[in-house]
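Here's the structure, in structure tokens; my notes come after.
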Amino acid sequence: MAENGFKPFQFSQLNQKKKNDADKTAVAISYEPGEAAPKILATGKGKVAEKIIETAKENKVPTYKDNKLASTLSKLQIGDMIPPELYEVVAEILVFVDDMDRMKAKLDQMR
377 MAENGFKPFQ FSQLNQKKKN DADKTAVAIS YEPGEAAPKI LATGKGKVAE
427 KIIETAKENK VPTYKDNKLA STLSKLQIGD MIPPELYEVV AEILVFVDDM
477 DRMKAKLDQM R
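Heads up: the sequence shown begins at 377 in my numbering, then just goes up one per residue.
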């Protein structure tokens, strides 16, 4: 988990018209305090996408399916910052995920 509470986060895409692994796209992003924007940690299609998704699940990293966003982000290179035109949509998702993590932590404390 990053210092600001945001975990690395992964977007994934599954083209519903075709059902094989080659149609999957996954992009992992992360945001650290002081950085100008979230950056691309990993991107892949097919079996690489499956591995990104599997690794995220194993590490309890939240995933979010958005075909258009995954497709757009997959065109970036590892280490690239997300472009300004995507700040708002990515920020909304990261805040939502952070809120969910906080709620889960509170529920876990109550048990």
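Every residue gets a Cβ at the ideal spot worked out from N, C-alpha and C, and that includes glycine.
Notebook entry, point to check: For I405, does the three-state DSSP call read helix, strand or coil?
Noted result: Taking the first residue of the sequence shown as position 1, residue 405 is located at position 29. In the three-state scheme derived from DSSP, where H, G and I count as helix and E and B as strand, I405 is classed as strand.
Notebook entry, point to check: Q485 to L445, Cα distance in whole Å?
Noted result: Counting from 1 along the sequence shown, the entry for residue 485 is found at position 109. Counting from 1 along the sequence shown, the entry for residue 445 is found at position 69. Each residue's alpha carbon lies about 34 Å from the other.
Check: Should Y463 be flagged as near chain D, meaning a C-beta pair shorter than 9 Å?
Finding: Looking for chain D here will not work: only one protein chain is present.
Checklist line | Segment contact flag, the stretch 399-413 with the stretch 423-434, C-beta cutoff 8 Å, min 3 pairs | finding: Using a C-beta cut-off of 8 Å, the stretch 399-413 makes contact with the stretch 423-434, since at least three inter-stretch Cβ pairs fall below that distance.
Check: Where does L462 fall in DSSP's three states?
Finding: Taking the first residue of the sequence shown as position 1, residue 462 is located at position 86. In this structure, L462 counts as helix in the three-state DSSP scheme.
Next item on the list: In angstroms with no decimal places, state the Cα-to-Cα distance between M476 and A404.
Entry: Walking along the sequence shown from the start, residue 476 turns up at place 100. Walking along the sequence shown from the start, residue 404 turns up at place 28. Distance between the alpha carbons of M476 and A404: 18 Å.
Note to self: Looking at the strands, I want to know which residues DSSP matches up with T419.
What the structure shows: By one-based count along the sequence shown, residue 419 stands at place 43. Its beta-bridge partners are V403.
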